[in-house]
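Protein chains: 2
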Amino acid sequence: MMNLFANLPTDRTVEHFQDIVSQGNVRIERIVSYGQQSPEQGWYDQSQQEWVMVLQGRGIVVFDDGREFDLTAGDSLLVAAGQKHKVSYTDPAHATIWLAVFFD
Amino acid sequence: MMNLFANLPTDRTVEHFQDIVSQGNVRIERIVSYGQQSPEQGWYDQSQQEWVMVLQGRGIVVFDDGREFDLTAGDSLLVAAGQKHKVSYTDPAHATIWLAVFFD
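Protein chains in written order, with this note's numbering: chain A, 827 to 930; chain B, 827 to 930.
In C-alpha cells:
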C-alpha cells in the first residue's frame, strides 16, 4: 500500500518522478512539482498515450496547437500519443502532485 | 478535461462505475460507492492486474488470503491478476471515490 500524498520529496528545486507501477506497456507515475515548468525548452512528444490527473495543487498543460488546460485537484486529461505538450505553470507555493498513466 | 470529484451520481442505493479511458488492454475507471460492499457474494477474481486508489472517502479491501487494506484518500494498492478480493466496507455517510486502472 502506498499513499500518494505522503512522503513528498523535500528538494523543492527540482521536479520529482516516481514509478508506482511499471509492467509491460503500462506505467503509473507520481510527479511532484514545486513551481517547475517543463520541459524548459521544446515540447514533450511521447510515443505512448498519457492520462494525467492533478491530485493536489495546480498545473497548466499546453498543447502545441494552442489548447490550454488549467488543472486543479481532480482534473484529468488524456494526452494522445504524439500530441506535443508542455507544462507551462505549476503552483510555486505548494507541491503539485500529478498522477500519470502511460499506455499504448 | 474531466474532474473526478465532480458530477457524482446521486443515487446512493447503488455503486457507480464509469469508464474514463478504455483503450486496448487498458481501462481507467471511476467507482463511486455509498456504503456498498461488493461483491455481495463471493470474490472478485479478475484476469487483469488492477491498481486502485482511493481519491476520497474510505474503503477496506480484503484478499482471500486474509490480508486487509484500509484505504483512505491517497492510499493505493496493486491487486495482482487472479488475486481474489472484495470490498468489505465503504463509508456509508459519504461518497467514496475510487480510481482503478486495469491492465495486463
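Don't be surprised by glycine CBs; every beta carbon is placed ideally from N, CA and C.
- Query: Rounded to the nearest angstrom, how far is the Cβ of Ile857 of chain B from that of Glu876 of chain B, given a contact under 8 Å?
  - Reply: With a Cβ gap of about 11 Å, Ile857 of chain B and Glu876 of chain B do not count as contacting.
- Helix, strand or coil at Trp924 of chain B according to DSSP, with G and I counted as helix: strand
- From the beta carbon of Phe889 of chain A, is the nearest beta carbon of chain B less than 8 Å away? no
- Quick one: residues in its chain with C-beta nearer than 8 Å to the C-beta of Ile846 of chain B, no 5 flanking neighbours on either side, listed in chain order? Met828, Leu830, Ile854, Glu855, Arg856
- Interface positions of the region 896–907 of chain A facing chain B (Cβ-Cβ less than 8 Å), listed along the chain: Leu897, Ala899, Gly900, Asp901, Ser902, Leu903, Leu904
- Figure out for me which residue from B:Gln849, B:Ala832, B:Tyr860 has the closest Cα to the Cα of Thr839 of chain B. B:Tyr860
- Item | Thr836 of chain B Cβ short of 7 Å to the ligand FAD heavy atom set | Here there are no bound small molecules, and the ligand FAD is not part of this structure.
- Starting from Leu834 of chain B, find everything on chain A with Cβ-Cβ shorter than 9 Å and list it in chain order. Here the premise fails: no neighbours, minimum Cβ distance about 11 Å.
- Message: For chain A, check one thing: does any of its Cβ atoms lie closer than 8 Å to the Cβ of Gln872 of chain B?
- Response: no
- Task: Less than 8 Å between the CB atoms is what I'm expecting for Ala926 of chain B and Val878 of chain B, so what's the real figure, rounded?
- Result: 5 Å
- Message: Give me the chain A residues within the contact set of Phe831 of chain B, using Cβ-Cβ distance strictly less than 8 Å, ordered along the chain.
- Response: Ala899, Gly900
- Query: If you draw a straight line from the C-alpha of Gln882 of chain B to the C-alpha of Gly900 of chain A, how long is it?
  - Reply: 10 Å
- What separation, rounded to the nearest whole angstrom, lies between the Cα atoms of Leu903 of chain B and Phe889 of chain A? 32 Å
- Spatial distance of Gln874 of chain B from Ser864 of chain B (CA atoms): 18 Å
- Message: If you measure between the beta carbons of Gly850 of chain B and Asp930 of chain A, is that distance less than 8 Å?
- Response: yes
- Over the uninterrupted beta strand (DSSP E) stretch that includes Arg893 of chain B, give me the two end residues. That residue, Arg893 of chain B, is in no beta strand (DSSP E); it is neither H nor E in DSSP.
- Item | Proximity below 8 Å, CB of Phe928 of chain A to CB of Val852 of chain A | yes
- Query: In terms of residue numbering, what span does the beta strand (DSSP E) encompassing Glu876 of chain B cover?
  - Reply: 875–882
- Query: Quick one, are the C-beta atoms of Ala832 of chain A and Gln872 of chain A less than 8 Å apart?
  - Reply: no
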